[in-house]
Every structure is written in structure tokens, then in C-alpha cells.
Amino acid sequence: MQMLIDSQWVSASDSGTRDIHNPGTGQVIDSVPVATLADAERALEAAQRGKQAMRKCPAHQRSAILQRIADAMLAHQEELSHLLAQENGKPIQQTREELAASVRIFRGFAEEAKRILGRSVPMDAVPGQERHFAVTIRQPLGVVAAIVPFNYPVELYSHKAAPALAAGNAVITKPPSACPLALLKIAELMEEAGLPRGAHQVLTGPGELIGDFLARSPGVQMVTVTGSTPVGIRISELASKHLKKVHMELGGNDATIVCADSDLEKAAEAIVLGRLARGNGQICCAVKRIFVESPIYDEFADLLTDKAQALKVGDQLEEDTDVGPLISEHAAVQVETVIQDAVKAGATLKAGGGRRRAFIEPTVLTNVPPHVELFREETFGPVAPLVAFETVDQAISMANDSPFGLQAAIFTQDISRAFDIAYQLEAGGVIINWSSALRVESLPFGGIKMSGHGREGLHDTLDEMTEQKVILVHDALSVFSQE
1 MQMLIDSQWV
11 SASDSGTRDI
21 HNPGTGQVID
31 SVPVATLADA
41 ERALEAAQRG
51 KQAMRKCPAH
61 QRSAILQRIA
71 DAMLAHQEEL
81 SHLLAQENGK
91 PIQQTREELA
101 ASVRIFRGFA
111 EEAKRILGRS
121 VPMDAVPGQE
131 RHFAVTIRQP
141 LGVVAAIVPF
151 NYPVELYSHK
161 AAPALAAGNA
171 VITKPPSACP
181 LALLKIAELM
191 EEAGLPRGAH
201 QVLTGPGELI
211 GDFLARSPGV
221 QMVTVTGSTP
231 VGIRISELAS
241 KHLKKVHMEL
251 GGNDATIVCA
261 DSDLEKAAEA
271 IVLGRLARGN
281 GQICCAVKRI
291 FVESPIYDEF
301 ADLLTDKAQA
311 LKVGDQLEED
321 TDVGPLISEH
331 AAVQVETVIQ
341 DAVKAGATLK
351 AGGGRRRAFI
361 EPTVLTNVPP
371 HVELFREETF
381 GPVAPLVAFE
391 TVDQAISMAN
401 DSPFGLQAAI
411 FTQDISRAFD
421 IAYQLEAGGV
431 IINWSSALRV
441 ESLPFGGIKM
451 SGHGREGLHD
461 TLDEMTEQKV
471 ILVHDALSVF
481 SQE
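If you're matching positions, the sequence shown starts at 1 in this note's numbering and goes up one per residue.
What follows is the structure, encoded as C-alpha cells:
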């Protein structure tokens, strides 16, 4: 496949390519260009023209274009889902769900494109200003650079590109290097939907080259990135040179607190789906640390172990597969290493722990020492570490003892206790009686602390991707004149 620059499908300027593999089999699916700095400069130049065309595109036209994109994605859902499963490793049923969510997101922002509202400001609230009339409007920023991760590339791309276009911006997308194919196919559909030339471009290349270029370039007005915390720090440093907007949805070490009065069956099911099965454990807001009240600790560990052992690990293209391969064998080796280190430090392996190429068995660990890397840092794989607690205050303290603060979860039948804990947890979102790996496009999503800043969602992202302007007419009114 080729990449998209200035509404043309092109190879890299030096003809460099990268093979894209099925992480489960190692088979080459396709190859893509490895963009150079010269390619990135061409795309940025085209985006300057694209942003002018988008700025002149009225809201109803932007809305119609996004609706056509959503229609096209829905018409090609099975093809796109299959391609995404091949290159990404998520089971096919989950990639279908990801495509369905992406269609909803594009449709949602198609509607929101018609609701980018300003307001009138009563100047008579200020003595001496009574005769003036003022309004605010929201206008596009210009060029938005979207840096997309590998774990949910289509959905997270939709959360960035759809609102940027809805707001009237041009977009340059840097897709994940390991799995860019589905996004390139979607870019084909977007070009056919009637976007102005250069309004949307896709650069396939290394993040340290293309991402850095977009972050430091004065021709980019905003960078929105989902990725690791070190990547976020690097992007922020580069972007600060021109004081451009930066939106960061970064790593998480998401805590789950299971109280003794919980519905244990539901809690175990939620943790299995939210940590071991969905995304093969590669979700930023997935369950990462599990705190279980002592009286139910052993019972809950056994229940979770049984459910983990019942999961089917295998070919992501088979309909009954629960857990597919991680994004690469290298990623699986990293997860295997932190599991082994935790066991060496005293953790008990209740289920899984093994690795076969890029596959990691769904793993349950008990008696995990809180100081091990598996518990202190974000682990991207199907691993569920359990730690016991005696009091709720102790659980809250352990949960907050982290530089991250993306999402968290609480299981209890006491709604007052649930809200009390939720208020005290240091996280951007708290889920009661379900997994922290829950994201709904109509809600604001994002973290605090080292998990980033800013919020994505149908009612929030457009504020991030527009700027507010005040327009004041001096001495416009006579109604407040004193005779």
C-alpha cells in the first residue's frame, strides 16, 4: 500500500518500505512506505492549503462528508475488521466491535459539526460598557497532527480525525508503524467522500522521525497523541517551542478495588474481559492492579483463575478465539519477563505465565509484592496481579500510590461506599461495578498525573480543536442610553 500526501497515493521519496506482519503467524500481509522528512515537509505544505479549504467549508458540508465516511466504513466493515485483526492481533469479534464504535464516532461528530456554538455576552453587566455588543465564536485551529497507537488504531484514530475535520481543521495522521493498513484503507474511503485536497493525509513512518517533525513544526497548531508517557513527554517538549496545543492520552496503571460485599462472579467476569481478553490485555485503561479485600481474597483468586484458564488463546481470525497474539513477539517477551521477575520476587502463579512466540497465556498472579515492575509500571498484556487489603483506606492509598491516573474501578453493593471511594481515587474516570476498560464516546475520556491531560469525547474534543474568538461592536446599542 502507499501513503496519502496531498490527496495522492505515493511511495516514500527514497522508495523505502516496511513489511507489515500478522503477529500471530509472522506472515507478511503487505508493505508500506517509510516516510522521510522530505515526505513530511510535503505533507505539511499541502496541509496549509488544506486548512484554508476546510476553513471555507460550511458546517453542513463537513457534516455531510463525515456521514458519508461513516456510511463507507459501515459498508466495508467486514473487510476492514478482517484486515485489522490480521495486522493487529485482536480477535475478529473485537475488531468488528472497534469498527462499529468508529462508525458511531464519525456519525456523532457529523452531528456535532453543526453544533459548534458561540454565545452572546451581556455587556451591561459591567458599568460603563452598556452600549457595546459582544459575541464569541469558535474557529478551527488550522492543522491537527494525530498520532495513533497500535492497540485500538481505528477507534482512537476516529476520536482524533473525526472531530478535527468536524471543526474545520486539516489533519495529518501518523498511524502505528506495526499496523497502519486498516487506517490507509479508511483514508481511501475518506478521499472518496469529498474532502478538500490536502485536508487529510496519512504518513507511514517511524514515530521518532515523523512524530517529532509534526510536534516541532510551526505549521502544526495542535498535536493529539495516544501513546506511552515517555512519548507524551517527548512530544510536549518539542511542541512547547511554539506553544502549540497538545492533547495527551497516555499510559495508565489502572486500579480495581474488589470489596467483600461484591458480586464476585460479576467482578471476575469484568476483570477477565477488562484485562485478559479485550485487546489481548493491551488497553491503556485496562485493569492493571487488583486490590481484593482479605475475607474474599482466596475465593476470588480461585474464581478468576478458573475463568482465565477457560479462555481460548489462538488465531485471531477464528470466531471463538478469546485472546490473540500481542502486537509483536518482542512485546510478548517483555510481558513474559515482568511475569517471571514477579514470580522470582515471591508472587504465586495461579494461571498462565507461558509464552509461545507473540502469544501470552492469560495470567493470574497472587501475593504480588507491590514493588515489582509488574505492579508499579504499565504492563501491556493479559496479566492480572492480585494484592489483598484490610481496610478501604488502605486500598485507596495503594491505588493512589502511582504516578498514573487514567481510570479505576470499584466493586461493592454499597453505593455510598462506592461514591466515597470514587471521590478519593486519583483518576480521570471511575467505573462502579464493571471494568475500568470502559470507554463510551459520549463521555469525556482522559487522565490526570502522568496519564496525560485533556479530554476526548463527542461533547469535549471540539472545544480542544477550536479556538474561541471575541467580537465586540463598540457603541452598538442605544437601549441603555440615559436621557
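All C-beta atoms in this analysis are idealised placements derived from N, C-alpha and C, irrespective of residue type, glycine included. No experiment lies behind these values; they were computed from the predicted model shown.
| query | result |
| --- | --- |
| Find out if the Cβ-Cβ distance for the pair ALA399, PHE300 is shorter than 8 Å. | no |
| How is LYS245 classed by DSSP in three states: helix, strand or coil? | strand |
| Could you tell me which uninterrupted alpha helix (DSSP H) segments, each at least 4 residues in length, are contained entirely in the stretch 287–369, listed from first to last along the chain? | 297–309, 329–344 |
| Give the secondary structure of LEU472 by DSSP, where H, G and I count as helix, E and B as strand, and everything else as coil. | strand |
| Are there 16 or more other CB atoms within 10 angstroms of the CB of TYR423, so buried, or fewer, so exposed? | exposed |
| For MET54 and PRO140, which I take to be in contact (beta-carbon distance under 8 Å), what is that distance rounded to the nearest angstrom? | 7 Å |
| Apart from the five residues just before and just after GLY108, which ones in its own chain have a Cβ nearer than 7 Å to its Cβ? | GLU441, LEU458 |
| Let me know if VAL335 comes out buried or exposed under the rule of 16 or more other beta-carbons within 10 Å of its beta-carbon. | buried |
| Which residues in the same chain as TRP434 place their Cβ atom closer than 6 Å to its Cβ, once the five residues preceding and following it in sequence are excluded? | ALA270 |
| With 16 as the cutoff for other CB atoms within 10 Å, does GLN221 come out buried or exposed? | buried |
| What residues match up with ALA134 in a beta bridge as DSSP calls it? | VAL121, LEU472 |
| Go ahead and pull the three-state DSSP assignment for ALA395. | helix |
| From the DSSP output, which residues share a beta bridge with GLU456? | PHE445 |
| Pull the bridge partners of MET222 from the DSSP assignment, please. | VAL144, LYS245 |
| Anyone know if the C-beta pair for GLY227 and ILE283 falls short of 8 Å? | no |
| Between the stretch 320–337 and the stretch 351–370, are three or more C-beta pairs nearer than 8 Å? | yes |
| Evaluate THR348 with the Cβ neighbour count: other Cβ atoms within 10 Å of its Cβ, from every protein chain shown; 16 or more gives buried, anything less gives exposed. | exposed |
| For LEU264, which of PRO127, LYS51, THR305 has the nearest alpha-carbon? | THR305 |
| Considering Cα atoms alone, identify which of GLU78, LYS312, LYS266 is closest to ASN280. | LYS312 |
| Please name the residue or residues paired with LYS174 in a DSSP beta bridge. | ILE147 |
| Counting only runs that start and end within the stretch 408–446, where is the beta strand (DSSP E) found for 3 or more residues in a row? | 429–432 |
| Which residue wins for smallest C-alpha separation from PHE380, given the options THR461, PRO122, GLY251? | GLY251 |
| Could you name the residues of the same chain whose beta carbon sits closer than 8 Å to that of ALA12, not counting the 5 residues immediately before and after it, in chain order? | MET3, PRO33, VAL34, ALA35, THR36, ASP39, GLY205 |
| With a Cβ-Cβ cutoff of 8 Å, do GLY142 and LYS241 count as a contact? | no |
| Hey, how far is the Cα of LEU326 from the Cα of VAL154? | 17 Å |
| Cα-Cα, which of HIS453, THR363, PHE375 is closest to GLY405? | HIS453 |
| Which residues mark the beginning and the end of the alpha helix (DSSP H) in which HIS60 is found? | 59–75 |
| What are the partner residues of MET3, as DSSP defines its beta bridges? | VAL10 |
| At the level of alpha carbons, what is the spacing between LEU184 and MET1? | 8 Å |
| Work out the CA separation of ILE235 and SER451 for me, nearest whole Å. | 14 Å |
| Name, in chain order, the residues that DSSP records as bridge partners for ALA388. | VAL292 |
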